[in-house]
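Residue numbers (the numbering used here): 241 to 595. Here a beta-carbon is modelled for each residue, glycine too, at the ideal position from N, C-alpha and C. Written out below as structure tokens is the structure these notes cover.
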Ligand code: COI
């Protein structure tokens, strides 16, 4: 391991790389990690100097609050390589802002911008060869923070660890995605943590999603917890519906994650003069549109999933198949988004940031 310190970040470079053992053609999402990771510890009010070091397991006290009370948050971001071998981030300011909003909601300390942004850029620079120049390939970036402070008293910890790990990625879903509309379980409630990227929001979905998987559905479209009449989001994705020529998506709220891909797609659609209506969408409207033939498309959006067409949905044990689309709006919007991300089209929005 070679050590190298600059003013702000300590870099301990790995002497070997795993990259030659990775089958980049057959990556399954989130299972392979690059050679390095970033660690920055917070001890009683002070952030220490971040360290970039070889990717490896670390020791943690069994009483750390992350294990007992789930005090943990994360972000999902991606880096893309263009034809000149330059690497780009997509709207990292949005993820940074949301990360600190999540931190506040979980009573965790805010991470300084220099640690998050400079740390991420230095880490990616070091593992740059893991980003492939090919549309559909990217480097998934997972910043996260856990409560490392010991003690099983149910109160916020005094010690935290912020980390960034990187994973070369292709598609999140392989194969067709069918969804089931939630009638009983809920993802989030008013006043809860639904708008935060809190680890518990995801683990709370595992059981109902497992039941959905057993019935042949990959995801659940969550409905509002109080009445189960409004369509909200799909857990790993925000969700869009095209009825006739209008694109509908629910407004973000205390229950719905403010997805970066979601808001980017809305901006792109509006630029293309596609009608977008951001308003609560009733389950009964969806059923009526499916029955009268005006429902054209449903798709999910998210950093990991990008834009994922949904082929059909189930509600009250009835399955509704969506019409097959030759040139779906989902795939058109996905191409426009990817063109910006991979620098194949002019970034008129100023969203891309070079590393
Ligand atoms: C993302 O899209 O980045 C997410 O955080 C969703 C996660 C379940 C992979």
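Can you tell me whether residue i sits near the ligand COI, meaning its C-beta is under 7 Å from at least one heavy atom of the ligand?
i: residue 476; result: yes
i: residue 442; result: yes
i: residue 316; result: yes
i: residue 428; result: no
i: residue 575; result: no
i: residue 489; result: no
i: residue 552; result: no
i: residue 359; result: no
i: residue 449; result: no
i: residue 435; result: no
i: residue 543; result: yes
Look at the alpha carbon of residue i and the alpha carbon of residue j, and state the distance between them as a whole number of angstroms.
i: residue 292; j: residue 252; result: 6 Å
i: residue 255; j: residue 521; result: 54 Å
i: residue 428; j: residue 260; result: 42 Å
i: residue 515; j: residue 485; result: 7 Å
i: residue 314; j: residue 385; result: 6 Å
i: residue 529; j: residue 535; result: 5 Å
i: residue 330; j: residue 564; result: 31 Å
i: residue 265; j: residue 443; result: 29 Å
i: residue 539; j: residue 416; result: 11 Å
i: residue 593; j: residue 580; result: 11 Å
i: residue 440; j: residue 312; result: 8 Å
i: residue 488; j: residue 398; result: 43 Å
i: residue 493; j: residue 430; result: 8 Å
i: residue 288; j: residue 404; result: 15 Å
Using a Cβ-Cβ cut-off of 7 Å (strictly less than) and excluding sequence neighbours within five positions of residue i, which residues of its own chain qualify?
i: residue 325; result: 373
i: residue 300; result: 388
i: residue 354; result: 248
i: residue 243; result: With a pLDDT of only 48 at residue 243, under the threshold of 50, the placement of this residue in the model should not be trusted; the figure read from the coordinates follows. Excluding sequence neighbours, residue 243 sits near 252.
i: residue 559; result: 552
i: residue 555; result: 421, 523, 527
i: residue 509; result: 487, 516, 573
In terms of DSSP beta bridges, what is residue i paired with?
i: residue 293; result: 277
i: residue 385; result: 313, 402
i: residue 286; result: 283
i: residue 319; result: 329, 379
i: residue 560; result: 553
i: residue 541; result: 478, 547
i: residue 517; result: 488
i: residue 522; result: 470
i: residue 257; result: Paired residues: none, contrary to the question.
i: residue 592; result: 330
i: residue 535; result: 483
Near residue i, which residues of its chain fall below 8 Å by C-beta distance, leaving aside the five closest residues on each side in sequence?
i: residue 380; result: 269, 270, 316, 317, 318, 406, 407, 408, 409, 543, 544
Say the cut is 7 Å; is the CB of residue i nearer than that to a heavy atom of the ligand ATP?
i: residue 319; result: The ligand ATP is not among the ligands present in this structure, which contains only the ligand COI.
What does a CB cutoff of less than 6 Å around residue i pick up in its chain, not counting 5 residues either side in sequence?
i: residue 350; result: 340, 343
- Could you tell me which uninterrupted beta strand (DSSP E) segments, each at least 3 residues in length, are contained entirely in the region 409-453, listed from first to last along the chain? 417-421
- Query: Which runs of the beta strand (DSSP E) fall wholly inside the region 446-497 and span at least 3 residues, in chain order?
  - Reply: 459-461, 478-483, 486-489
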